[in-house]
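Chains as they are written, first to last, in my numbering: chain A, 1 to 155; chain B, 1001 to 1155.
As structure tokens, the structure follows; a few thoughts come after it.
Protein chains: 2
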Amino acid sequence: MHKEFLQQAIELACSNVTNNNGGPYGAIIVKNGEIIAASGNCVTANIDPTAHAEVMAIRNACQALKNFKLSNCILYTSCEPCPMCLGAIYWARLKKVYFACNRKDAANAGFDDSFIYDEIPLPPEKRHIAMLHLVVPDAEKPFTAWNTQEGITLY
Amino acid sequence: MHKEFLQQAIELACSNVTNNNGGPYGAIIVKNGEIIAASGNCVTANIDPTAHAEVMAIRNACQALKNFKLSNCILYTSCEPCPMCLGAIYWARLKKVYFACNRKDAANAGFDDSFIYDEIPLPPEKRHIAMLHLVVPDAEKPFTAWNTQEGITLY
């Protein structure tokens, strides 16, 4: 069952290349044994660097369920998620993830995403894209607003 | 200059709470000293768990420039990016990031994103959301398709 859904994610990744939508990746989201969303990588077609297959499948699944949590859903992806997609998987509260290629397979094929994994443990200011903390007044005001505002939608 | 843009990101984060768009976060993207995109967190308004302020600002900036790379752009965000947003920043090829609150400030205010940072170094199958590698036939077929297809759009 899991392998069948993975095969479908792989087929999607292949057709995504043929259709020139974006990179060679595909992802499927399944709830109660049924596919509720599927997408290839749409970075170039959508002019959106965040439109990885997993992110797109998550977005589509949330629209399909009208819910920003995918608690009982499983993600099947043709390749091990990058850190961006890993983060998206946690925010979407997915139940489990199955992947076909791992990051070594991807690197062997010329797709090396591991550089972002290597950047994460570095101090923010030492990363290749420097991330700098500046002290400004009222930086915590948005959190105070959130904690005192009535009627907010929790997520 | 950098602090002024950060102040604007903080104001955006505050109004985002008042407008009930989503969480208390705001992000601005600047190119050549001009704001080209700005967004608050839109997770609940858009029913999209990936719609963090940074991701939304990146998407908007790419649409504005009609380019999926933001090479000479700077991101200003009211709070240190989570791993999803960090990944998005790398994929968008941003030049630099400035943030106001760091992850400790956020945790002190009750917003603790550090659990995802803690999950990343774990073996995928040991994470709270288990990520399982299954060996299936033709898993590398999408990469082969990509490497042999003519006329693909590189990204």
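Yeah, the Cβ is synthetic: ideal placement off N, Cα and C, and Gly gets one too.
Run of the beta strand (DSSP E) containing residue i, from where it starts to where it stops
i, result
"A/Phe99", "Lys96 to Cys101"
"B/Val1043", "Element bounds for B/Val1043: not the beta strand (DSSP E) but the alpha helix (DSSP H), Val1043 to Asn1046."
"B/Lys1031", "Gly1026 to Lys1031"
"A/Ala37", "Glu34 to Gly40"
"B/Leu1132", "Met1131 to His1133"
Among the options, the one whose alpha carbon lies nearest that of residue i
i, options, result
"A/Glu125", "B/Glu1125, B/Val1136 and B/Leu1086", "B/Leu1086"
"A/Phe99", "B/Glu1119, B/Pro1137, B/Trp1091 and B/Ile1152", "B/Pro1137"
"B/Ile1074", "B/Ala1027, B/Cys1082, B/Asp1048 and B/Asn1108", "B/Ala1027"
"A/Arg127", "B/Val1043, B/Thr1050 and B/Arg1093", "B/Arg1093"
"A/Leu132", "B/Lys1095, B/Asp1118 and B/Ala1145", "B/Lys1095"
"A/Ala107", "A/Ala53, A/Cys82, A/Gly33 and A/Glu34", "A/Cys82"
"A/Phe68", "A/Trp91, A/Thr77, A/Lys3 and A/Asp113", "A/Trp91"
"B/Thr1044", "B/His1052, B/Ala1038 and B/Cys1079", "B/His1052"
"B/Glu1140", "A/Gly110, A/Phe115 and A/Gln149", "A/Gly110"
"B/Ile1047", "B/Leu1122, B/Tyr1155 and B/Asn1020", "B/Asn1020"
"A/Ser39", "A/Leu122, A/Ala88 and A/Gln8", "A/Gln8"
"B/Leu1006", "B/Asp1105, B/Ala1037, B/Asp1112 and B/Thr1077", "B/Thr1077"
"B/Thr1050", "A/Cys79, A/Asn72, A/Ala64 and A/Met84", "A/Met84"
"B/Thr1066", "B/Ile1010, B/Ile1036 and B/Ile1129", "It is Lys, not Thr, that sits at residue 1066 of chain B in the sequence shown. Nearest of B/Ile1010, B/Ile1036 and B/Ile1129 to B/Lys1066, Cα basis: B/Ile1036."
"A/Glu34", "A/Asp112, A/Val17 and A/His2", "A/His2"
"B/Cys1101", "A/Ser15, A/Leu134 and A/Val97", "A/Leu134"
"B/Ile1129", "A/Met56, A/Asp112, A/Ala88 and A/Glu11", "A/Ala88"
"B/Glu1054", "B/Thr1018, B/Ser1071, B/Asn1072 and B/Ala1013", "B/Ala1013"
"A/Thr153", "B/Glu1011, B/Asp1105, B/Glu1150 and B/Asn1016", "B/Asn1016"
"B/Ser1071", "B/Val1097, B/Glu1080 and B/Gln1149", "B/Val1097"
"B/Glu1150", "A/Pro121, A/Arg103, A/Thr18 and A/Ala64", "A/Thr18"
"B/Asp1105", "B/Asp1118, B/Ile1120, B/Glu1080 and B/Pro1123", "B/Glu1080"
"A/Asp112", "A/Arg103, A/Glu119, A/Ile120 and A/Tyr155", "A/Arg103"
Boundaries of the alpha helix (DSSP H) in which residue i is found, first to last residue
i, result
"A/His2", "His2 to Thr18"
"A/Thr144", "Lys141 to Thr148"
Contact list for residue i against chain B, beta-carbon separation under 7 Å
i, result
"A/Gly33", "Those within 7 Å of A/Gly33 in chain B number zero; the least Cβ separation is about 17 Å."
"A/Cys101", "Ala1139 and Glu1140"
"A/Gln7", "Val1136"
"A/Val43", "Phe1068 and Tyr1155"
"A/Cys82", "Gly1087"
"A/Ile116", "Gly1087 and Tyr1090"
Contact list for residue i against chain A, beta-carbon separation under 7 Å
i, result
"B/Ala1013", "Pro142"
"B/Ala1038", "Going along chain A, no residue has its Cβ under 7 Å from B/Ala1038, so there is no contact; the nearest lies around 14 Å."
Cross-chain neighbours of residue i in chain B, by beta carbon under 9 Å
i, result
"A/Asn67", "Ile1047"
"A/Cys62", "Asn1046, Ile1047, Asp1048, Pro1049 and Thr1050"
"A/Ile29", "What A/Ile29 touches in chain B: nothing, since even the nearest Cβ is about 12 Å away."
Partner residues on chain A for residue i, Cβ-Cβ distance less than 9 Å
i, result
"B/Tyr1132", "Per the sequence shown, the amino acid found at residue 1132 of chain B is Leu instead of Tyr. Result: His2, Lys96, Val97, Tyr98 and Phe99."
"B/Pro1123", "Result: empty, since nearest Cβ-Cβ is about 11 Å, beyond 9 Å."
"B/Asp1105", "Ala139, Glu140 and Phe143"
"B/Asn1072", "Within 9 Å Cβ-Cβ: nothing; B/Asn1072 doesn't reach chain A, min ~13 Å."
Under 8 Å by beta carbon: chain A residues contacting residue i
i, result
"B/Ser1078", "Ala139 and Pro142"
Closer than 8 Å at the beta carbon, the chain B residues around residue i
i, result
"A/Val158", "No answer is possible for residue 158 of chain A: the residues shown for chain A start at 1 and end at 155."
"A/Val17", "Pro1142, Ala1145, Trp1146, Gln1149 and Ile1152"
Distance cut-off 7 Å: residue i Cβ against heavy atoms of the ligand FMN
i, result
"A/Phe99", "Looking at this structure, you won't find the ligand FMN or any other ligand, since it has none at all."
message = I'd like the ranges of any beta strand (DSSP E) spanning at least 3 consecutive residues and lying wholly in the region 1055-1113 of chain B.
response = Here the runs fully enclosed are 1073-1079 and 1096-1101.
Validate contact between the region 1029-1045 of chain B and the region 1054-1061 of chain B using beta carbons, cut 8 Å, 3 pairs: Judged by Cβ distances under 8 Å, the region 1029-1045 of chain B makes contact with the region 1054-1061 of chain B, as three or more pairs qualify.
Check whether the region 7-25 of chain A and the region 1143-1151 of chain B are in contact - that is, three or more C-beta pairs closer than 8 Å. The region 7-25 of chain A vs the region 1143-1151 of chain B: in contact.
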